[in-house]
Structures are given as C-alpha cells and as structure tokens.
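When we follow my numbering, the leftmost residue of the sequence shown carries the number 1, and every step to the right adds one. C-beta: ideal position from N, C-alpha, C; glycine also. These notes are about the structure you will find just below.
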Amino acid sequence: MSLNQQIHLMQTIKKNWVYALLGFAILLFIVRKVIPQNENIQVKTFQTTSGWGYDIIKDDKIYIHQEIIPAVEGFKSFSSKKEAEKVGNLVLQKIKNKEGGGLPQVTVEEIDSLQIKK
C-alpha cells in the first residue's frame, strides 16, 4: 500500500469516527428530549405556622418535606411562598440532574444566590 493510500485510509477512518460520535451525540440529545426524565416529580409549597416550606412530590408521594431553610443555622421557615418555591425548584433540578447521589444538598452560597432571607 502506498503512502498516499495509507494517508487516505487514515483520513477516512478519522472522518468515520467523527461522524459516529456526532451521530451518537445527536441520538443522545433526542432521547433525553423525547423520553421525559422524572416526569412524575414536582414542587409543592405549603404554609407553616412560622412561614413557608416545600415538598418534593415524586410519584404522588412526599420524597422531601422541607419546613425550614436548608443549609442555614437555626430553624427558620421561608418568609414567602416565592422563596420556598425557588429553593424547591433548585432541589428539583438537582434531583433531575442526579446531583449528589441520594438526597441533594443545598449550600449557603446557593441560598444566598437565590436571595433568600435568612
């Protein structure tokens, strides 16, 4: 086999690998969009005696019941429904993204970035 034939063969192999990887990436994107991930999961806020909290409902069962602001010192409820919903949606995203393995963790920095009153 001549040098030109070898070069052409290697270029063809590289091109085929690029096409295969691109096809796989497109297929993965389509599957993730078409097949809903955790579609039976939602956030529901509720009023407490001292403010607001949220539940993460998964398959019609309470998966997480959160009456207080996570990651902050003390036992303080959210001051508004909107604040409870913001943190509940953050936790919901972490669950959907499978962050943290089991139960997702919320940090003080995340609470601050959502402008939650502590």
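For the region 42-95, which segments carrying the beta strand (DSSP E) assignment without a break, of at least 3 residues, lie completely within its bounds, in sequence order?
52-58, 61-66
If contact is defined by three or more beta carbon pairs under 8 Å, each pair taking one atom from either stretch, is the region 73-85 in contact with the region 42-59?
yes
Quick check on V106: does DSSP put it in helix, strand or coil?
The residue given as residue 106 occupies position 106 in the sequence shown. If DSSP states are grouped into helix, strand and coil, V106 belongs with coil.
For I116, three-class secondary structure by DSSP
Here residue 116 refers to the residue found at position 116 of the sequence shown. In this structure, I116 counts as coil in the three-state DSSP scheme.
Distance CB(K118)-CB(K76) smaller than 8 Å
For this step, residue 118 is matched to residue 118 along the sequence shown. For this step, residue 76 is matched to residue 76 along the sequence shown. It is a contact, given that the beta carbons lie within the stated cut-off.
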